[in-house]
Amino acid sequence: MRCLPLVLFPLLIAAVPAQKINDTVIKKDGAKVRGVEVKEFLLTGVRGKRGGDDFEIPAHLVAGIEWSDLPEQFLAGRGAMERGDFRTAAQMFGDVQSDRALVKADATFFQIKAAVASIGADKGAAATAADRAKAWLGANPNHWRTPEALLLCGRAQRLAGTGGEAATTLRELDDRAGREGLGAVWSARAKSELALTLMADGKAADARISFQTAGSAIDNALKSPSGDEAELLALKTMARVGEGETFLAEKDYARAETYFKGLTSDKQPAIAAAGHAGQGEAIFLVAVAKNDSDAIRRAQLELARASVLDASSGEASAKANYYLGRCLLALGADKEGDTFKQRANAYFQIVATSYASTRWAAVAKAEMAK
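For the sequence shown, our numbering begins at 460 and goes up steadily by one.
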C-alpha cells in the first residue's frame, strides 16, 4: 500500500493583543479618573488618552497615579513603605522591571524615598541616596515628582554631612517654587528643610532666621486650600520647635527654657506638647551638668506631660521618651533602683521602634548599645 504524501497546512497563529492599559489618576479632592493611559507625568500636569480622546489634568489638582498592572515588586515595595519597613521597600522598588518608562521612573523615585527614610545616622547610605536622587533629577528635570525629589536630595545631602550642597539644592527648590508656580507649599517645605540644614551645619543664628522665615511661608501657604494642611501644620510645629532648639545649640539653656515654656500654653496640642518636651530637654541638660537630681525630676515631669499631650505621637513623643530614658540613667541606681538601666532601655526601645523615622531613633539605639 502506497503512502500518500502529507499535505502540511500553515498554522495560523492569532496575534495576541497587547494588554490594555488602565491607569487611574487620583485627584486632590478624592475623585478618581479611571480607564486612562497616562503618557506624560509632568510639572504641568498629567496627559494621556482616555479611549480615543486626549485628556489633561493640571498638576495642582493631581494627588497621584495608580498604574495599571503593577509588577509584584512595586506592590511589595509599597506595602513595605506603609508598614515602615523602608530598607525592604528600597530593595523591592529597586528590583522593579517594567516596559513602561513612567512606571520605572516612579519605582526609582520611591526607591530613593524609602532609602532616605531609612538613613538614620549612616552617612554613607545618605551619600548614596543623594547620588541616586541627583541621577533621577538629571533624567527627570520636569517630572511631577521633581519638587519632592529635590527635597529628598537636599535631605540626603544634609544627612550625609554635605550641608553646603544641601543648601544649594533646597534653595533651587525654593526658587523654582516661585518661578515655576509650584505652589506656596513647596516654598514652605524648602525653607523648613533649609533651616534644618543650617542647624545641622552648626549655624544656629542663621537657622533661627530660617525657621522664622519658614514659619511665615507656612502661614502664607495655609491661606489657600491645598490638601496639604495637615503637613503644613506639622511643619509649623517643627519651625517653632526648631527656633527654640537654636538656643539649645548655642547652650543658652535659660533662654531655651523660657522660649519652650511659652509654647506650652499654645491652643494646638502638638505645639504645647513640643513646648513641654523642649522645656524638659533644656532643664535636663542643665541639671545633668550640675548633677542636680531635683532638677532632673522637674525635667521628668515636663517630658511626661509632653508624651501625654502629643496625640499625634510625633517628634515630641520621640524626644520625650528619649530624654525620659536619659533621666533614669542620670539618676542611677541610688535614686531609681537596680532596674534603672533596664527601664531606661525600655524608653529607648520605644523610640527606636515606634519612632524609627525620627532623628531620635539613632541616638536612642546608640544609648542601648552602650
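Cβ atoms here follow ideal geometry from the backbone N, Cα and C, with glycine treated the same way.
Checklist entry - If you compare alpha carbons, which of Arg-714, Val-644, Gly-538 is closest to Glu-573? => result Before going on, a small fix: residue 573 reads as Ala here, not Glu. When each option's Cα is compared against that of Ala-573, the closest is Gly-538.
(message) Rounded to whole angstroms, what is the Cα-Cα separation between Ile-755 and Ala-676?
(response) When only Cα atoms are considered, Ile-755 and Ala-676 end up about 37 Å apart.
**OP:** Could you name the residues that DSSP lists as bridge partners for Gly-523?
**Re:** Under DSSP, Gly-523 forms a beta bridge with Ile-485.
### Message
Please tell me whether Ile-524 and Val-555 are closer than 8 Å, where the distance is taken between their beta carbons.
### Response
Between Ile-524 and Val-555, the CB-CB gap reaches or exceeds 8 Å.
Worksheet entry | Beta-carbon proximity list for Lys-794, same chain, < 7 Å, skipping 5 on both sides | Within its own chain, the residues whose Cβ lies closer than 7 Å to the Cβ of Lys-794, once the five positions on either side in sequence are excluded, are Ser-752, listed in chain order.
Given this structure, state the Cα-to-Cα distance separating Ser-669 from Asp-797, to the nearest angstrom.
When rounded, the distance between both Cα atoms is 45 Å.
- Out of Trp-819, Trp-526, Gly-553, Asn-750, which has the shortest C-alpha to C-alpha gap to Leu-788? Out of Trp-819, Trp-526, Gly-553, Asn-750, the CA that lies nearest to the CA of Leu-788 is found in Asn-750.
- Query: Pick from Lys-487, Glu-541, Ala-713, Ser-646: whose alpha carbon is nearest that of Val-745?
  - Reply: When each option's Cα is compared against that of Val-745, the closest is Ala-713.
- Just curious, the beta strand (DSSP E) that Gly-620 is in, first and last residue? Per DSSP, Gly-620 is not a residue of any beta strand (DSSP E), being assigned neither H nor E.
### Task
Look up Phe-799 in the DSSP assignment and give the residues it is bridged to.
Beta-bridge analysis with DSSP links Phe-799 to no other residue.
Excluding the 5 residues preceding and the 5 following Arg-802 in the sequence, name in chain order all residues of the same chain whose CB lies nearer than 6 Å to its CB. For Arg-802, same chain residues with a beta-carbon under 6 Å away, outside a window of 5 residues either side, are Leu-787 in chain order.
Hey, would you say the C-beta of Ala-625 is under 7 Å away from at least one heavy atom of the ligand NAD? Absent from the structure shown: the ligand NAD. Ligands present: none.
Item checked: Bridge partner(s) assigned by DSSP for Phe-500 -> DSSP, once it has assigned bridges, lists Val-505 as partnering Phe-500.
Should Ser-683 be labelled buried (16 or more other beta-carbon atoms within 10 Å of its own) or exposed? The residue is exposed, with fewer than 16 neighbouring Cβ atoms inside 10 Å.
Requested in this report: Under 8 Å by Cβ, that's how I've got Ile-571 and Trp-595 pegged, so tell me the actual separation to the nearest angstrom.
Outcome: Sure, about 6 Å apart at Cβ, within 8 Å.
_Taking the straight line between their C-alpha atoms, what separation do you get for Ala-560 and Asn-780?_
Straight-line Cα distance between these residues: approximately 45 Å.
message = The alpha helix (DSSP H) that contains Glu-688, what's its start and end?
response = Going by DSSP, Glu-688 is part of the alpha helix (DSSP H) stretching over 688-708.
Burial state of Ser-724, where buried means 16 or more other Cβ atoms lie within 10 Å: Around the Cβ of Ser-724, a 10 Å sphere holds fewer than 16 other Cβ atoms; the residue is exposed.
Below 8 Å on the Cβ atoms is my contact criterion, and I expect Ala-666 with Ala-654 to pass it. Report the Cβ-Cβ distance as a whole number of Å.
Confirmed, about 5 Å.
**Message:** Please tell me whether Tyr-782 and Phe-743 are closer than 8 Å, where the distance is taken between their beta carbons.
**Reply:** Yes, they are a contact pair.
6 Å Cβ shell around Val-822 - same chain, five flanking residues per side excluded: Contacts found: none.
Practice prompt. Please work out which residues of its chain come closer than 7 Å, Cβ to Cβ, to Leu-768, disregarding the five sequence neighbours upstream and downstream, and give them in chain order.
Written response: Taking Leu-768 as the centre and dropping the five residues before and after it, the same chain places the C-beta of Pro-728, Ala-731, Ala-732, His-735 closer than 7 Å to its C-beta, in chain order.
Requested in this report: Below 7 Å CB to CB, which residues in the same chain sit around Ala-588 once its five sequence neighbours on both sides are set aside?
Outcome: Excluding sequence neighbours, Ala-588 sits near Ile-571, Ala-574, Val-575, Ile-578, Ala-615.
Whose C-beta lies closer than 7 Å to the C-beta of Gly-622 among residues of the same chain, with five residues either side of it excluded?
-> Shown here for Gly-622: same chain residues with a beta carbon closer than 7 Å to its own, the five before and five after excluded, namely Thr-656, Ala-659, Asp-660 in chain order.
For the alpha helix (DSSP H) containing Leu-728, list its first residue and its last residue. Note on identity: in this sequence residue 728 is Pro, with Leu being the wrong assignment. Run containing Pro-728: 728-749, per the alpha helix (DSSP H) assignment.
Q. Hey, how far is the Cα of Ala-775 from the Cα of Lys-508?
A. Looking at the two C-alpha atoms, the distance is approximately 47 Å.
*Roughly how far, in whole angstroms, is the beta-carbon of Ala-643 from the beta-carbon of Asn-679, given that I think they are within contact range, below 8 Å?*
Sure, about 5 Å apart at Cβ, within 8 Å.
_In this structure, how does DSSP classify Val-822 when only helix, strand and coil are distinguished?_
Note: Val-822 maps to helix in three-state DSSP.
Worksheet item: Do Asn-601 and Leu-501 have their C-beta atoms within less than 8 Å of each other?
Response: Leu-501 sits close to Asn-601, with the two beta carbons spaced by under 8 Å.
DSSP three-state call for Gly-721: helix, strand or coil?
Per DSSP, reduced to three states, the secondary structure at Gly-721 is helical.
_On the DSSP bridge list, what partners appear for Pro-517?_
Pro-517 pairs with Gly-504.
| said: What would DSSP say about Lys-491, mapped onto helix, strand or coil? | reply: If DSSP states are grouped into helix, strand and coil, Lys-491 belongs with the strands.
Boundaries (first-last residue) of the alpha helix (DSSP H) holding Glu-639: Boundaries cannot be given for Glu-639, as no alpha helix (DSSP H) includes it and DSSP labels it neither H nor E.
Beta-carbon separation of Ile-516 and Val-562 under 8 Å?
Not closer than 8 Å, so no.
ask   = Exposed or buried, which one is Ala-815 when buried takes at least 16 other CB atoms within 10 Å?
value = Classification of Ala-815: buried, given that the 10 Å Cβ count is 16 or more.
Worksheet item: Taking the DSSP output, what are the residues bridged to Asp-769?
Response: Asp-769 is bridged by DSSP to nothing; it lacks a bridge partner.
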